[in-house]
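Colleague: Dropping the structure in here first, questions after.
Chains as they are written, first to last, in my numbering: chain V, 85 to 267; chain D, 85 to 267.
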């Protein structure tokens with residue numbers, strides 16, 4: 085029972101920390117808010133996870149794992165893949181925010197092996213024949229930028245963006261990637 | 085002379101704060117580092133700018149002004165516009181980082197009127213005839229995502245991205261926008 089309680093406590097901490105880091109980033113996150121939200125204590129969080137950076141890494145690693153599992157890659161149908169990525173980030177804005185904080189605040193870490201592996205597998209699967217003439221690495225960059233683009237517009241654009249509903253945003257993403265690949 | 089000295093002091097503070105906010109964001113910025121770098125003091129910074137958020141807003145407003153001035157919009161040649169935006173962010177990564185921090189950390193502010201105006205002018209200039217069938221707002225979103233995409237890849241992608249040099253990155257951006265508009 086003790087083991088099971090510890091596991092439940094870790095899960096509550098990770099859930100609370102995911103929301104806290106997504107909202108405020110690493111520098112802005114407050115461990116006392118995470119502790120209160122998780123009905124835990126800062127001492128326990130540090131005992132479980134080490135320090136704030138390590139807690140962020142645990143949160144981000146779990147988030148990336150969920151994303152990679154949910155968004156199936158398909159080298160033969162990149163428009164559909166882009167549509168799935170769009171859906172995932174629209175449904176899970178926290179996942180996109182965590183990725184952005186990670187890029188800004190943890191640029192020199194060792195990198196997540198799961199992401200490095202996924203990138204390599206995708207580049208190899210693409211090969212030059214399926215990319216509309218773009219180098220595979222460049223096409224992956226373009227597809228990711230397009231699929232996540234609606235989530236990267238600054239607040240000044242919100243009024244204009246509100247005129248395009250979610251279904252139409254998705255169509256623009258899929259169609260944009262279709263045109264890229266068609267050449 | 086006193087007025088001129090104060091002006092020089094404000095400029096030094098803004099320059100130091102630009103580097104500090106670009107590196108660390110709002111929550112992560114340290115006013116004592118800005119003061120030391122600007123050969124000023126925290127008291128003087130607060131006297132000039134109010135508080136940390138207001139200092140960030142001054143830094144970001146100035147950065148956006150420089151970007152809008154440097155990256156000329158051309159509704160009739162969006163690929164060239166995208167190429168200019170790519171160049172600007174490649175030459176000024178701090179400008180792109182400031183934009184991203186702003187989105188993450190100041191999402192509910194009133195918005196910069198200069199940006200709101202620029203967006204409105206661009207959407208009107210585009211009109212539906214020049215957008216390859218995309219709604220103008222959607223095309224602007226796509227173009228911005230593509231032009232800034234190379235600066236938004238996470239560090240795990242650095243190894244793969246290093247195989248594409250800057251000239252080729254620029255070509256992929258310009259060609260991607262050309263295909264979008266061509267329909």
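Where is the CB? At the ideal position from N, CA and C, for every residue including glycine. Quick caveat, the model's predicted, so the values are computed rather than measured.
1. Name the chain V residues whose beta carbon is nearer than 9 Å to that of residue 203 (chain D)?
2. Compile a chain-ordered list of the residues in the segment 206 to 221 of chain D whose CB is closer than 7 Å to at least one CB of chain V.
3. Out of D:179, D:160, D:242, point me to the one whose CA is closest to residue 99 (chain D)'s CA.
4. Using alpha carbons as the reference points, say which of V:208, V:228, V:132 lies closest to residue 90 (chain V).
5. Cα separation between residue 160 (chain D) and residue 214 (chain D)?
6. At a CB-CB cut-off below 7 Å, which residues of chain D make contact with residue 196 (chain V)?
7. Which residues of chain V have a Cβ atom closer than 8 Å to the Cβ of residue 102 (chain D), listed in chain order?
8. Put residue 97 (chain V) into one of helix, strand or coil per three-state DSSP.
9. 7 Å is my cut-off, CB to CB: does residue 168 (chain V) come that close to chain D?
10. Less than 8 Å between C-beta atoms, sequence neighbours within five positions excluded: which residues of the same chain meet that for residue 233 (chain V)?
11. Taking the C-alpha atoms as reference points, what is the distance between residue 154 (chain D) and residue 197 (chain D)?
12. Residue 223 (chain V) to residue 248 (chain D), Cα distance in whole Å?
13. Taking 7 Å as the threshold (beta carbon to beta carbon), is residue 187 (chain D) in contact with chain V?
14. When the Cβ atoms of the segment 185 to 194 of chain D are set against those of the segment 119 to 133 of chain D, are three or more pairs found closer than 8 Å?
15. If you drop the 5 nearest sequence neighbours on each side, which residues of the same chain put their C-beta closer than 7 Å to that of residue 174 (chain D)?
16. Which residues in chain D sit within 7 Å of residue 264 (chain V), going by Cβ to Cβ distance?
17. Check the Cβ-Cβ distances between residue 191 (chain V) and every residue of chain C, and say whether any is below 7 Å.
18. Look at the alpha carbon of residue 217 (chain D) and the alpha carbon of residue 172 (chain D), and state the distance between them as a whole number of angstroms.
19. Residue range of the alpha helix (DSSP H) that residue 198 (chain D) falls in?
20. Within 10 Å of its beta-carbon, does residue 104 (chain V) have 16 or more other beta-carbons around it, so buried, or fewer, so exposed?
21. Leaving aside the five residues before and after residue 253 (chain D) along the sequence, list all residues of the same chain whose C-beta is less than 6 Å from its C-beta, in chain order.
22. Could you work out which residues of chain V lie near residue 181 (chain D), taking near to mean beta carbons separated by less than 7 Å?
23. Using a Cβ-Cβ cutoff of less than 7 Å, which residues in the same chain neighbour residue 209 (chain D) once the five nearest sequence positions on both sides are dropped?
Modeller: So, from the data block:
1. 240, 241, 243, 244
2. 207, 218, 219, 221
3. D:179
4. V:132
5. 7 Å
6. 240
7. Those do not exist, as residue 102 (chain D) stays about 15 Å from chain V at its closest Cβ, beyond 8 Å.
8. helix
9. no
10. 257
11. 18 Å
12. 11 Å
13. yes
14. no
15. 250
16. 260, 263
17. Absent from the structure is chain C; the protein chains it does hold are V and D.
18. 28 Å
19. 197 to 210
20. buried
21. 234
22. 188
23. 159
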